[in-house]
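Report on one structure; see the data block that follows.
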Amino acid sequence: MRRAQRSTLRANEDGSQTCETVAMTGGGQRFSRRDVVRWGMFGTGTASLAALVAACSSDGRGPAAGATAPPRSTATTTTSPGTAPATTLGTSTTAATTTTATTTTAATVPPPAIDPSLPWWLQGNFAPVSSEVESTTLAVRGAIPPELTGTYVRNGSNPMSGPSPHWFFGDGMVHGVRLERGRATWYRNRAVRTPLLEAGLGFGDGPPGGASNQSNVSLVWHGGRLLSSGEVGFPFELSPADLSTVGPHDFGGRLTSAFTAHPKIDPVTGRMHSFGYGFVPPYLTYHVTEADGTMIHTEPIELPNSTMIHDFAITATDAVFWDLPVVFDLDAAIRYLDDPSAGGFPFRWDPDVGARIGVMPLEGGASALRWYEIEPCYAFHGVNAFRRGDEVVIDVCRLSRMFAEGDLFGGEASLRRWTVDTAAGTVADEVITDVDSGDLPTRDPRVVGREHRYGYLVSTRDLPGTVDLGGLIKQDLRSGTREVWDPGPGGHSGEWLFVPGGDDPAEDAGWLFGFVHDDPTGRTDFAIVDATDVAAGPVARVELPQRVPFGFHATWIPG
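Counting from 192, one number per residue, gives the positions in the sequence shown under this note's numbering.
And the structure:
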């Protein structure tokens with residue numbers, strides 16, 4: 192039987208806390224309310240809840256019990272250079288007509304068969320990979336733009352240390368591709384070596400928070416550091432040279448709460464604005480970090496409930512939060528920790544709690560925060576936000592509900608524009624589109640917090656029993672039109688990261704990066720799309736030496 196460890200916090204007479212660790216068996220340990228509350232105090236959270244949609248299988252089994260952390264050594268592989276020639280690979284509704292340009296680059300194939308006896312996140316291209324691989328000779332189809340020099344890195348959930356009861360709860364693994372003046376010089380993947388992974392533990396085996404988290408959701412390059420982040424706990428610093436783990440990063444001791452997965456970098460000041468949510472007061476904490484990586488401000492924000500706040504937005508003068516009715520459920524958390532294989536989640540949909548948007552000064556000042564009520568809904572991700580006089584405008588990927596009883600993937604999806612009139616105290620809720628509205632949005636980083644025209648999203652398709660990610664959407668938020676690249680029914684992408692192409696300030700003067708998986712061949716490519724001509728598809732595809740499972744969020748390290 193796999194041996195695990197359980198850690199709890201003991202209060203000392205001087206007011207400090209001591210973490211006590213004892214061995215326990217993987218299946219026989221029960222958890223109390225005190226454990227859960229202690230865990231919340233330790234790290235202000237329990238779960239990596241950061242994906243596009245959520246679904247729980249009745250079978251929560253992951254890799255076989257007894258799986259251990261992978262060795263530190265890596266395998267180096269070489270692929271043929273290849274000689275393929277370059278190829279071009281109150282709610283209101285907007286009146287604008289949406290036009291869609293679509294190209295298909297793969298032959299029509301039947302959808303993959305879904306095995307109902309296995310969780311969807313452990314089959315197909317959701318299934319984890321077990322090897323850390325390096326390749327320095329990569330075949331390229333098409334032509335990599337010579338202006339691109341830097342490293343693309345994407346994070347995701349990849350269970351390597353034991354059972355994984357959900358897609359959200361695997362160990363962090365990053366996949367990176369290095370570009371240098373028209374060449375792809377390396378690919379490598381590395382597990383984020385957290386204490387849980389190093390100890391051969393999985394989610395629920397120890398108190399989440401602080402350094403004890405799976406760091407499996409996102410990445411940010413700021414202040415000369417590459418940081419991976421999960422939903423709870425501290426981020427981990429990674430080496431940009433080889434993606435190895437340096438260790439947990441607490442900003443010189445200034446970070447004492449969680450660092451949730453979606454910080455925002457102001458393109459004018461270079462400051463990073465971030466937050467963390469928790470299960471015990473303070474339920475929300477706001478942080479400001481200088482461009483050099485020094486955290487200069489942190490303050491709690493009072494909330495009446497512990498709610499899942501996965502993302503937020505900034506404008507040039509405001510921090511914007513959405514406090515929505517996905518509520519931490521203590522009883523469900525205890526049941527989940529006691530028996531993860533039974534399904535369920537430590538959050539539940541409770542529309543009676545209400546929903547609201549909060550606007551506060553960007554540099555801090557929670558006492559000045561004002562809340563504006565909206566209809567109950569949920570949003571994992573925002574596209575962007577900006578201020579226009581007395582109005583704060585926020586574009587979000589909205590779900591009509593999330594984690595409601597009986598729902599497999601949540602409610603109806605739409606791309607919405609919330610316009611908060613801070614003078615009148617009202618919110619206008621505009622439907623931009625509710626037809627393949629997309630999610631996992633990105634934008635030109637030069638317009639974060641400023642008025643924007645475009646959002647870049649991954650499309651989704653209906654396939655019973657799983658999440659079916661499709662191609663690339665370029666949404667014009669002024670005209671209401673869109674361009675779409677469709678990789679075909681056997682092709683799947685994920686988040687598309689926008690990287691500016693040079694000095695041209697146009698929002699689509701740049702490139703979109705993402706991994707594209709092909710079901711018929713089982714191959715994953717790193718794809719580069721010209722953002723001015725999305726429908727034409729990739730201008731270059733870098734063939735990778737192994738399959739890259741579907742994941743979450745990425746960053747670009749220039750230079």
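C-beta atoms are modelled at their ideal positions from N, C-alpha and C, and glycine is treated no differently.
Roughly how many angstroms lie between the CA atoms of P696 and L735, to the nearest whole one? By one-based count along the sequence shown, residue 696 stands at place 505. By one-based count along the sequence shown, residue 735 stands at place 544. In a straight line, the C-alpha of P696 is about 32 Å away from that of L735.
Through-space distance from A524 to V471, alpha-carbon basis: Indexing the sequence shown from 1 puts residue 471 at position 280. Indexing the sequence shown from 1 puts residue 524 at position 333. V471 and A524: Cα-Cα distance of roughly 13 Å.
Rounded distance between the beta-carbons of T498 and G514, thought under 8 Å: The residue labelled residue 514 in the question sits at position 323 within the sequence shown. The residue labelled residue 498 in the question sits at position 307 within the sequence shown. Reading off the sequence, residue 514 comes out as Asp, not Gly. Yes, they are in contact, since the Cβ atoms of D514 and T498 sit about 6 Å apart, within 8 Å.
L704 to V365 span [Cα, whole Å]: Here residue 704 refers to the residue found at position 513 when the sequence shown is read from its first residue. Here residue 365 refers to the residue found at position 174 when the sequence shown is read from its first residue. Sequence inspection shows Phe at residue 704; the Leu mentioned does not correspond to that position. C-alpha separation (whole angstroms): 15 Å.
Residues near V618 in its chain [Cβ-Cβ closer than 8 Å; skip 5 each side]: Against the sequence shown, residue 618 aligns to sequence position 427. Within the same chain, V618 has close Cβ partners I548, Y563, E564, I565, W609, T610, V611 and D612.
Going straight from the alpha carbon of D598 to that of R374, what length do you get? Your numbering for residue 598 matches position 407 in the sequence shown. Your numbering for residue 374 matches position 183 in the sequence shown. Cα-Cα distance, rounded: 46 Å.
Which residues in the same chain have their Cβ closer than 6 Å to the Cβ of D226, if we skip the five residues on either side of it in sequence? As a first step, residue 226 is located in the sequence shown; it is residue number 35 there, counting from the start. Bear in mind that the predicted position of D226 carries a pLDDT of just 39, short of 50, making it unreliable; the figure below should be weighed with that in mind. Taken in chain order, the list of residues that qualify is empty.
According to DSSP, is I748 helix, strand or coil? Taking the first residue of the sequence shown as 1, we reach residue 748 at position 557. Judged by DSSP in its simplified three-state form, I748 adopts strand.
Identify, in the order they occur along the chain, each residue of the same chain with its Cβ nearer than 6 Å to the Cβ of R345, setting aside the five sequence neighbours on each side. Along the sequence shown, one-based indexing puts residue 345 at 154. Closer than 6 Å at the Cβ level, and outside the excluded window around R345, lie H366, G742 and A745.
Can you tell me where the alpha helix (DSSP H) with R526 in it begins and where it stops? Counting from 1 along the sequence shown, the entry for residue 526 is found at position 335. Boundaries of the alpha helix (DSSP H) around R526: L521 to D529.
Measure the CB-CB distance between V730 and I719 and report whether it falls below 8 Å. Position 539 of the sequence shown holds residue 730. Position 528 of the sequence shown holds residue 719. Yes.
Cutting at 8 Å between CB atoms, please list the residues of its own chain near R738, excluding the five before and the five after it. By one-based count along the sequence shown, residue 738 stands at place 547. Cβ within range, chain order: N316, V320, H708, G713, R714 and T715.
Comparing the C-beta of G363 with each C-beta of chain C, is any distance below 8 Å? This model lacks chain C altogether, as it is built from one protein chain only.
What does the alpha-carbon distance come out to for the pair V733 and P655? Residue mapping note: residue 733 aligns to position 542 of the sequence shown, counting from 1. Residue mapping note: residue 655 aligns to position 464 of the sequence shown, counting from 1. One C-alpha to the other measures close to 31 Å.
Alpha carbon to alpha carbon, what distance is there between L648 and I748? If you number the sequence shown from 1, residue 748 lands on position 557. If you number the sequence shown from 1, residue 648 lands on position 457. Their backbone Cα atoms lie some 21 Å apart in a straight line.
For D433, count neighbouring Cβ atoms within 10 angstroms of its own Cβ and tell me buried if that reaches 16, exposed if not. Counting from one through the sequence shown, the residue named residue 433 turns up at place 242. By the 10 Å Cβ count, D433 comes out exposed.
I believe G685 touches L631 by the beta-carbon criterion, under 8 Å. Please report the beta-carbon distance rounded to the nearest angstrom. Against the sequence shown, residue 685 aligns to sequence position 494. Against the sequence shown, residue 631 aligns to sequence position 440. About 6 Å separates the two Cβ atoms, so the contact holds.
List, from N- to C-terminal side, the alpha helix (DSSP H) runs of 4 residues or more that fit wholly inside the stretch 367-450. 386-389
If you run the structure through DSSP and keep just helix, strand and coil, what is L313? On the sequence shown, residue 313 is found 122 positions in, with the first residue counted as 1. Of the three classes helix, strand and coil, the one that applies to L313 here is helix, per DSSP.
Helix, strand or coil at V639 [DSSP, three-state]: Translated into the one-based positions of the sequence shown, residue 639 becomes position 448. In the three-state scheme derived from DSSP, where H, G and I count as helix and E and B as strand, V639 is classed as coil.
Would you report the Cα separation of G682 and D522, rounded to the nearest angstrom? As a first step, residue 682 is located in the sequence shown; it is residue number 491 there, counting from the start. As a first step, residue 522 is located in the sequence shown; it is residue number 331 there, counting from the start. Computed Cα separation, rounded: 40 Å.
Cβ atoms of G693 and T506: under 8 Å apart, would you say? Within the sequence shown, residue 506 is the residue found at index 315, counting from 1. Within the sequence shown, residue 693 is the residue found at index 502, counting from 1. No, they are not a contact pair.
V544 and N496 look like a contact to me (Cβ under 8 Å); what is the Cβ gap, rounded to whole Å? Translated into positions along the sequence shown, residue 544 becomes position 353. Translated into positions along the sequence shown, residue 496 becomes position 305. With 8 Å as the limit, V544 and N496 qualify as a contact, their Cβ atoms being about 6 Å apart.
Measuring straight from C-alpha to C-alpha, what distance separates A577 and A504? Your numbering for residue 577 matches position 386 in the sequence shown. Your numbering for residue 504 matches position 313 in the sequence shown. Correcting the residue identity first, residue 577 is Phe in this sequence and not Ala. Going by the C-alpha atoms only, they are around 9 Å apart.
Going by Cα to Cα distance, which pick from Q666, D396 and M463 is closest to F442? By 1-based counting over the sequence shown, the position of residue 442 is 251. When only C-alpha atoms are compared, the closest one is M463.
By the DSSP assignment, the beta strand (DSSP E) with F470 in it spans what residues? The count along the sequence shown starts at 1 and reaches residue 470 at position 279. That residue, F470, is in no beta strand (DSSP E); it is neither H nor E in DSSP.
With a Cβ-Cβ cutoff of 8 Å, do H440 and F427 count as a contact? Indexing the sequence shown from 1 puts residue 440 at position 249. Indexing the sequence shown from 1 puts residue 427 at position 236. Cβ distance < 8 Å, so H440 and F427 count as in contact.
Could you check which residue in G629, T340 and A557 has the C-alpha nearest to that of T489? Position 298 of the sequence shown, counting from 1, holds the residue named residue 489. Nearest C-alpha to T489: A557.
As assigned by DSSP and simplified to three states, the class of W358: Stepping through the sequence shown from its first residue, residue 358 is reached at position 167. If DSSP states are grouped into helix, strand and coil, W358 belongs with the helices.
Using a 10 Å radius around the Cβ and a threshold of 16 neighbouring Cβ atoms, would you call T451 buried or exposed? As a first step, residue 451 must be located in the sequence shown, where it is residue number 260. With 16 or more other Cβ atoms within 10 Å, it is buried.
Counted within 10 angstroms of its Cβ, other Cβ atoms place T342 as buried (16 or more) or exposed: The residue you call residue 342 lines up with position 151 of the sequence shown. By the neighbour-count rule (16 or more Cβ atoms within 10 Å), T342 is buried.
CB contact flag (R652, G646, <8 Å): Looking up residue 652 in the sequence shown gives position 461. Looking up residue 646 in the sequence shown gives position 455. Not in contact: R652 and G646 (Cβ atoms no closer than 8 Å).
Give me whichever residues DSSP pairs with E674 in a beta bridge. Position 483 of the sequence shown, counting from 1, holds the residue named residue 674. E674 pairs with K665.
From what residue to what residue does the beta strand (DSSP E) around G490 run? Your numbering for residue 490 matches position 299 in the sequence shown. In the sequence under discussion, the amino acid at residue 490 is Glu, which differs from the Gly named in the question. Unbroken beta strand (DSSP E) run through E490: M486 to I492.
Closest Cα partner of I492 within the set M486, T485 and A510: Sequence index remark: in the sequence shown, residue 492 carries index 301 (1-based). Closest by alpha carbon: A510.
Cα-Cα separation, P386 to S419: Numbered from 1 along the sequence shown, position 195 holds the residue referred to as residue 386. Numbered from 1 along the sequence shown, position 228 holds the residue referred to as residue 419. Cα to Cα, the separation comes out at about 14 Å.
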